[in-house]
Structures are given as structure tokens and as C-alpha cells.
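For reference, the structure discussed in these notes is given below.
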Amino acid sequence: MELNLDQIPREKTLTKKEFLRKYFRPQKPVVVEQFIEDWPAHSKWNLDYIKEIAGEKTVPLYDDRPVKHDEGFNEPHAKMKMADYIDLLKKEPTKYRIFLWNVLKEVPELQKDFKYPDFGLRLMKGLPMLFFGGSDSHTFMHYDIDLANIFHFHFEGKKQCILFSQSETKFLYKIPHSLITREDIDFANPDLEKWPALKHAKGHIAHLEHGNVLYIPEGYWHHMKYITPGFSMSLRAIARRPRNFGKAVYNIMFMRHFDNLMRRLKGQKWIDWKNERAVARTHSVVFPK
Numbered sequence: 013m014e015l016n017l018d019q020i021p022r023e024k025t026l027t028k029k030e031f032l033r034k035y036f037r038p039q040k041p042v043v044v045e046q047f048i049e050d051w052p053a054h055s056k057w058n059l060d061y062i063k064e065i066a067g068e069k070t071v072p073l074y075d076d077r078p079v080k081h082d083e084g085f086n087e088p089h090a091k092m093k094m095a096d097y098i099d100l101l102k103k104e105p106t107k108y109r110i111f112l113w114n115v116l117k118e119v120p121e122l123q124k125d126f127k128y129p130d131f132g133l134r135l136m137k138g139l140p141m142l143f144f145g146g147s148d149s150h151t152f153m154h155y156d157i158d159l160a161n162i163f164h165f166h167f168e169g170k171k172q173c174i175l176f177s178q179s180e181t182k183f184l185y186k187i188p189h190s191l192i193t194r195e196d197i198d199f200a201n202p203d204l205e206k207w208p209a210l211k212h213a214k215g216h217i218a219h220l221e222h223g224n225v226l227y228i229p230e231g232y233w234h235h236m237k238y239i240t241p242g243f244s245m246s247l248r249a250i251a252r253r254p255r256n257f258g259k260a261v262y263n264i265m266f267m268r269h270f271d272n273l274m275r276r277l278k279g280q281k282w283i284d285w286k287n288e289r290a291v292a293r294t295h296s297v298v299f300p301k
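When we follow our numbering, the leftmost residue of the sequence shown carries the number 13, and every step to the right adds one.
The following block contains the structure:
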């Protein structure tokens, strides 16, 4: 038995008016296949180009090891020169990923290769972020701390994206005081006997190739798996819905600081308790006695 996932709608191209009416207002995801052909990045951006222009930059790397109590929020697991990292991506499968790599801060000249599209939303122009991964590497299922509207532009390779709306949270084994689900769930191939609540979750799936743009509505859970080595760039717009904006403020101002404090005070016991509560809370809602 597999997850209940609908294919995300695909559009060849999309006007601002169509996007707002069909996808933003109802908060539905969409893949736009042809939207950035006029960007220099469309023809220039590949792993070789990034290696050439940013090869000497030291980049933070992350893998799929479980969160530990003595690691800070988004603390990298390793660091490497970008040139060496790209060589690794091309040589063999690796779990190491780059995420939240700020283009403006690290390689300002890359900004010349793209422009901020007019989707009818005010994009946060100081936060264009790049994400890299090797074959079969993946993120944990998570949602972003600011619950932003995300436009995810994919370059080189193939990528699988699984999404769930916030309304499905009760089925996903969410870890308390965090933005992730249980890390031992493989959302690309989940064990539904071990995680039976997932049978009730209704989500979305899409596969991205070079030049595709995925719109992720505000607060959506997302799991990204790199089928082949590649990278993407995300642009974001602030959450518009009051409830989501309120959650974003809470996450940024209180939740992450509280979680870090409890890690320092309780150590691994805090992490273990959260993992146990994720199962207990989910099953109490889905399978009440």
C-alpha cells in the first residue's frame, strides 16, 4: 500500500492573473513547466557553472542523520569546498545536501542570471536560497519556519517532491516543538504497517526537471528527494493568511528558542520524549480509544 498522493497539476505557462485565481487564492500547488526561459540561468546554470563561479566557497553540508540534542538549530554536519562537493555529486551517490545557501550573500554575481518574477506576491528579495543534493539524498518531511509561499525553481537533474497541507498534520507524526515529522519515516517508501496513520493522509506529488517551477502554498509540508544530482533555487513571499502568519511569528520568536533551551537542559531525553509524543499524539487523534 502506498501513500495517497495526487499528481500536482502542471501548466505549460501561467499568467499572474491565472496563478492568483487558480492556485494562490485556493492555496493549491502547481508546477509551471515553462516560465524562466528568458533567464540567463535557464541556459547557464548547471553543476559545472556553479563549480566555476563558486568553487572556492566553503559550503555547509547536511545529511539524513537524526537530530541530536547537542546540535544547534540547522547546524551543518560537515563543510567542504563547493568544487569538491560538486565533484563528489558527479562521482557517486552521497547523502550530503546543501540547503538555505544564500545566493546574494555568497555569490552576488549569480543574481545577474535571474530576475524576480511577478506572481502578484511581494517576494522577499534578500532571501534567494539554493539547495543541492546527490542521487537518492532527501530532506526530512518538514515545513518552513516562516510558513512562506515558496516558488521552487529547479536546475539540472530530476527531483521528486511530496507535499501535504497543514490540514494533514494530524496524520504525519509531527514532532512537538519542531518543524519536522518522525525522521525514521521514509516518505518515498513508507512502512504503513509501522506508521498506520499515514494511510489517512492525502497529499500531492510531482517530479521536477530543469526549468520547472513548483509553487508550494504557505505552510505546506514538503519532502524533497533527488533522483539524480541537481540543485534548485527558492524564492519566497510572506504568509498572507493571519493564522499562518501568527504561527510564523510564534516559531521564529519562541518555538525554536524554547526547543534549544530544552535540549540544553534535558539533553537526549528531550529528543526521545518528542519522538515518543509524536507517535502517541498522532495515534490518539487517528485511533481514539
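We put the beta carbon where it would ideally sit given N, CA and C, even for glycine.
Remember, predicted model here, so these are calculated numbers, not experimental data.
What ranges does the alpha helix (DSSP H) occupy inside the region 208-296, keeping only unbroken runs of at least 4 residues that lie completely in it?
254-262, 268-278
In angstroms, rounded to a whole number, what distance separates the CA positions of A90 and T70?
10 Å
When the Cα atoms are used, what is the spatial distance from K29 to A200?
34 Å
Once the 5 residues before and after L3 are set aside, which same chain residues still bring their CB inside 7 Å of it?
Because the chain here runs from 13 to 301, residue 3 falls outside it and cannot be looked at.
Roughly how many angstroms lie between the CA atoms of N58 and A66, to the nearest whole one?
12 Å
Over the uninterrupted beta strand (DSSP E) stretch that includes K171, give me the two end residues.
171-176
Backbone secondary structure at D96 - three-state DSSP:
helix
Own chain, CB closer than 7 Å to F176, minus 5 neighbours either side, in chain order
L184, A213, G215, Y232, W233
Roughly how many angstroms lie between the CA atoms of P254 and K103, to the nearest whole one?
46 Å
Which of the three DSSP states, helix, strand or coil, is assigned to E104?
coil
With DSSP collapsed to three states, give me the class of P52.
helix
Beta-bridge pairing of R109 - partner residues as DSSP gives them:
Y74, G145
Does the contact criterion of 3 or more C-beta pairs under 8 Å hold for the region 131-149 versus the region 106-122?
yes
Can you tell me which residues form a DSSP beta bridge with R22?
V43
Should I192 and L17 be called a contact, given that it needs their Cβ atoms to be closer than 7 Å?
no
Element boundaries [alpha helix (DSSP H), containing F199]
Segment: none, F199 is in no alpha helix (DSSP H) and carries neither H nor E.
Is the region 43-55 in contact with the region 103-117, if contact means three or more CB pairs nearer than 8 Å?
no
Of the choices I264, T27, D203, whose alpha-carbon is the least far from that of A160?
I264
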